[in-house]
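What follows is a set of notes on a single structure, which appears directly below.
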Amino acid sequence: MKRKHQLISDTFKAKKQRLAEGPKTVEKEGPEAIESALQYLASLFPRKLFEDSLPPLILRHQIYSLVKDRTTVDRCLSQLKDEGRIRMFQQGFDADTLVVAFTDSYKSKVLEFVSGKEFARTVNKFLDSVLASCMDISFDKKKMLREFGFSDTEITQLVNAGVLTVRDAGSWWLAVPGAGRFVKYFIKGRKAVLGMIQKAKYKEVLLSDLQTRRAPHAVKLGLPYHIHDIIGAQMVDCIPTTSGTLLRLAED
């Protein structure tokens, strides 16, 4: 278990290059490796599936499949967030599962989403004031009313616009408008990919074999996207063999 998720085989790297331009510095540590991993994972996001209405969404743990030092990943993501280059979201998953998006892409898609709608002005105000100065992933009523000057009506408009979702009484999560379909596809796709391994002999499969298989219909986000998910989420053990990396379902 100690070696879990720390081994990306040469076969995996070569395959990634054929699928999309993958990171060339994942063996290194630090911001450069994290940014390369983010760019690569963003390239796997199926934008056409959502009519290009969503920014590329990356799960934080997917980065762990590419950069083995999780502490470095978390530290660099925090730095990028503090610099305003990325935003993080708790998009309906459990507390430890965070979604990452590039700030510019997020703002662009939000503006497209609200264009011509009655709450567009309020959303623009939110982007210009709150998003530009506060890097939090949630906001309470006191801060929204007193610090940022939003009324109860405007907060309701932000919720209706999908920019905020209710966290609990008097607080809201920052959210990605229209991301509900992504969450639905993600959950179903993960289950289907794990099912592919579950059905294999000894509940294990070579990574190179899995990559070349035809994905079930439920895997709408693509096999590569989910392979990084299940490795980074520690749902499989990565075992080096003479034939390449073997993925074995992790024991509960």
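Residues -13 to 238 (the numbering used here) make up the sequence shown, in order.
For each residue, glycine too, the CB sits at the ideal point set by N, CA and C.
All values derive from a computational prediction rather than experimental measurement.
Neighbourhood of residue i by C-beta distance below 8 Å, restricted to the same chain and skipping five residues each side
i	result
Pro32	Lys206, Leu207, Gly208, Tyr211
Lys177	Ala204
Arg107	none
Asp238	none
DSSP three-state assignment for residue i, whether helix, strand or coil
i	result
Glu18	helix
Glu237	coil
Arg73	strand
Ser39	coil
Cys120	coil
Thr11	For Thr11, the predicted model reports a pLDDT of 35, less than 50, meaning its position is unreliable; a value from the coordinates is still stated below. Looking at Thr11 - three-state DSSP - the assignment turns out to be coil, as it is neither helix nor strand.
Val149	coil
Glu104	coil
Leu30	helix
Val109	helix
Ser157	strand
Ala201	coil
Lys(-1)	Any reading at Lys(-1) is ruled out, since the residue's pLDDT is 41, under 50, leaving its predicted position unreliable.
Asp90	helix
Pro210	helix
Ala6	Any reading at Ala6 must be qualified, since the residue scores a pLDDT of 35, below 50, and its modelled position is unreliable; no value is offered.
Phe125	strand
Within 7 Å, strictly: CB atoms of residue i and residue j
i	j	result
Ala201	Val222	no
His47	Gly166	no
Leu160	Phe75	yes
Thr231	Leu193	yes
Val59	Ile72	no
Lys93	Leu113	yes
Thr89	Gly70	yes
Arg234	Glu190	yes
Residue i, buried or exposed, once every other Cβ within 10 Å from all chains shown has been counted against 16
i	result
Gly175	buried
Tyr188	exposed
Lys103	exposed
Phe105	buried
Val152	exposed
Glu7	Note on Glu7: pLDDT 32, under 50, position unreliable in the model; the coordinate value appears next. Exposed: under 16 other Cβ atoms inside 10 Å.
Pro226	exposed
Gln77	buried
Leu150	buried
Leu97	exposed
Ala147	buried
Asp154	exposed
Interface flag, residue i vs chain C, CB-CB below 7 Å
i	result
Thr227	Absence of chain C from the displayed structure is noted, only one protein chain being present.
Same chain, Cβ closer than 6 Å to residue i, five either side skipped, listed in chain order
i	result
Lys10	With a pLDDT of only 35 at Lys10, under 50, the local geometry of the prediction cannot be trusted, and no value is derived from it.
Lys(-12)	Low confidence applies here, because Lys(-12) scores a pLDDT of 40, under 50, leaving its location unreliable; read the following figure in that light. Nothing listed; no residue qualifies.
Phe136	Met130
Residues near residue i by beta carbon distance below 7 Å, same chain, minus five either side
i	result
Ser91	Pro41, Pro42
Ile123	Met74, Phe75, Gln76, Trp159, Leu160
Inter-residue CB distance, residue i and residue j (contact presumed, cutoff 8 Å)
i	j	result
Lys67	Met130	The pair is not a contact, with the Cβ atoms about 20 Å apart (cut-off 8 Å).
Ala28	Ile44	6 Å
Phe99	Gly164	6 Å
Val277	Ala87	It is not possible to answer for residue 277, since the shown part of the chain is limited to -13 through 238.
Ile213	Gln197	7 Å
Val109	Phe134	Actually they are not in contact, since the Cβ atoms of Val109 and Phe134 sit about 13 Å apart, beyond 8 Å.
Phe168	Phe79	That belief does not hold up - the Cβ atoms of Phe168 and Phe79 are roughly 11 Å apart, past 8 Å.
Any non-hydrogen atom of the ligand GTP within 6 Å of residue i CB
i	result
Tyr188	The ligand GTP is not part of the structure shown, which contains no ligands of any sort.
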